[in-house]
Amino acid sequence: MAYVLVMGGLALSVSFTLGWVLWRAVRWAWGLVAGPPTPRRAATPRPRARKAPRQAAPKPAARPAAKPPAKPIPREPWALTCWLARRHSAMPLASLALLLYGLTRLVEFGMTQRPLSPPAGYHSLVNALGWAAAALLALAILNLMARWRCRER
Numbered sequence: 016m017a018y019v020l021v022m023g024g025l026a027l028s029v030s031f032t033l034g035w036v037l038w039r040a041v042r043w044a045w046g047l048v049a050g051p052p053t054p055r056r057a058a059t060p061r062p063r064a065r066k067a068p069r070q071a072a073p074k075p076a077a078r079p080a081a082k083p084p085a086k087p088i089p090r091e092p093w094a095l096t097c098w099l100a101r102r103h104s105a106m107p108l109a110s111l112a113l114l115l116y117g118l119t120r121l122v123e124f125g126m127t128q129r130p131l132s133p134p135a136g137y138h139s140l141v142n143a144l145g146w147a148a149a150a151l152l153a154l155a156i157l158n159l160m161a162r163w164r165c166r167e168r
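Heads up: the sequence shown begins at 16 in the numbering used here, then just goes up one per residue.
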């Protein structure tokens, strides 16, 4: 029964991944055919209320004027950062990989509690799935940071 669950989960994840790749390829091809999307109108800025100017207090003595602190020049994000910010697929894939890893670990625990041993390569499959989930999670975190960095563009 556990073998059917594991292989069913694996078949489901492979079919989901292939379907996702096909969907993204179709959207990409449609974007080439239809052209770039039209830009949305920016929200019109609202005028801010102005405060009345305050009366300046008399200065006690003339001091030498202090230099205002130099403001750092904002740097533009790298092209790689902007490219990574436009990719929105890392978080769903990382979630799927983490869910599959958790389920396979649960099945592995169940298999070790019964007298029969699991299939030969099952433990290495669980380890590989765990490393893939960790890599996808790291990529998803990098994607979120890139979105934060490029939020003004």
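The beta-carbon is built from N, C-alpha and C at its ideal position, and this holds for glycine as well.
{"Asked": "For Tyr116, count neighbouring Cβ atoms within 10 angstroms of its own Cβ and tell me buried if that reaches 16, exposed if not.", "Found": "buried"}
{"Asked": "From which residue to which residue does the alpha helix (DSSP H) around Glu123 run?", "Found": "105-127"}
{"Asked": "What is the rounded straight-line gap between the Cα of Gly125 and the Cα of Ala17?", "Found": "8 Å"}
{"Asked": "Would you grab the beta carbon distance between Leu99 and Leu157 for me? Rounded to a whole angstrom, and I think it's under 8 Å.", "Found": "6 Å"}
{"Asked": "What number of angstroms, rounded off, separates the C-alpha of Pro130 from the C-alpha of Thr32?", "Found": "34 Å"}
{"Asked": "Tell me which residues share the same chain as Met106 and place their Cβ nearer than 6 Å to its Cβ, disregarding the 5 neighbours each side in the sequence.", "Found": "Ala155"}
{"Asked": "Answer yes or no: do Val122 and Leu20 have a C-beta to C-beta separation smaller than 7 Å?", "Found": "yes"}
{"Asked": "Using alpha carbons as the reference points, say which of Trp35, Leu144, Leu159 lies closest to Thr96.", "Found": "Leu159"}
{"Asked": "Would you tell me roughly how many angstroms separate the C-alpha atoms of Ser110 and Thr119, rounded to the nearest one?", "Found": "14 Å"}
{"Asked": "Could you spell out the range, first to last residue, of the alpha helix (DSSP H) harbouring Cys97?", "Found": "94-101"}
{"Asked": "Note the first and the last residue of the continuous alpha helix (DSSP H) segment covering Arg42.", "Found": "17-49"}
{"Asked": "Given a cut-off of 7 Å, decide if Arg166 and Pro92 are closer than it, judged by their beta-carbon atoms.", "Found": "no"}
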